[in-house]
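S.K.:
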Amino acid sequence: LKKVSEIFPEYYVIKVNNFNDVAKNTLDEWIYFLKKSQIKEEFTAQGLAEAKANLLVDSLSEAERANYLRFMENRRYAISMLEGSRSEGRLEGLEEGIEQGKQQEKINIAKTLKQIGTDLETIAEATGLRREEIEKL
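Numbering (the numbering used here), first residue to last: 1 to 137.
1) Determine whether the beta carbon atoms of I107 and L137 lie at a separation below 8 Å.
2) Report the three-state DSSP secondary structure of A78 (helix, strand or coil).
3) Compute the distance between the beta-carbons of I14 and I31, then report whether it is under 8 Å.
4) I think V16 touches K35, with their Cβ atoms under 8 Å apart; what is that distance to the nearest whole Å?
5) So T127 packs on I109, CB below 8 Å; how close in whole Å?
6) With distances taken Cα to Cα, identify the nearest neighbour of I39 among N74, S5, K52 and K3.
7) Starting from the C-beta of D28, find all residues in its chain whose C-beta is less than 8 Å away, skip the five residues before and the five after it, and write them out in chain order.
8) Does the Cβ-Cβ distance between L120 and E135 come in under 8 Å?
9) Compare the C-beta of K106 against all C-beta atoms of chain C and say whether one is closer than 8 Å.
10) If you reduce the DSSP assignment to three classes, tell me which class Q38 lands in.
11) Go to A51, then tell me how far its alpha helix (DSSP H) extends in each direction, as first and last residue.
12) Looking at the structure shown, is F33 part of a helix, part of a strand, or coil, going by DSSP?
13) Secondary structure at Y68, three-state DSSP: helix, strand or coil?
14) Buried or exposed for L113, please, with buried defined as at least 16 other CB atoms from any protein chain shown within 10 angstroms of its CB.
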């Protein structure tokens, strides 16, 4: 059987105006932020760094905010393009590696067939290598 507190969420009423502006713990730091819209350098509460960044953006003029948001969007786009290029490069490298591996396997098979005395035409047909390549092995 569950307790009522396990079923229903608990809510707290925070009376920000009754706060005496002295932050003794991380909850007090958040209350200070909510009351003053300021974050002191010594505050360490989790999430306050992100709140401070948002507060700085919100304090910009409309033109500055528009420029900042445009800059951030361009930055996200550039990072996305870079990540896409890296991914594409990895895929191309992987495909190239697979092709090199297949070519090396053909060469190994041709060497083995040549060592046991198989004629060059049969080796060329079996491996797909040119007769000149097989002769050099």
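We put the CB at the ideal spot given by N, CA and C, even for glycine.
M.R.: Well, looking at it:
1) yes
2) helix
3) Result yes, Cβ atoms of I14 and I31 sit closer than 8 Å.
4) 5 Å
5) 5 Å
6) Put simply, of N74, S5, K52 and K3 the residue whose alpha carbon is nearest the alpha carbon of I39 is K52.
7) F19 and V22
8) yes
9) Judged by its chain identifiers, the structure shown contains no chain C, having just a single protein chain.
10) coil
11) L48 to D58
12) It is helical.
13) helix
14) buried
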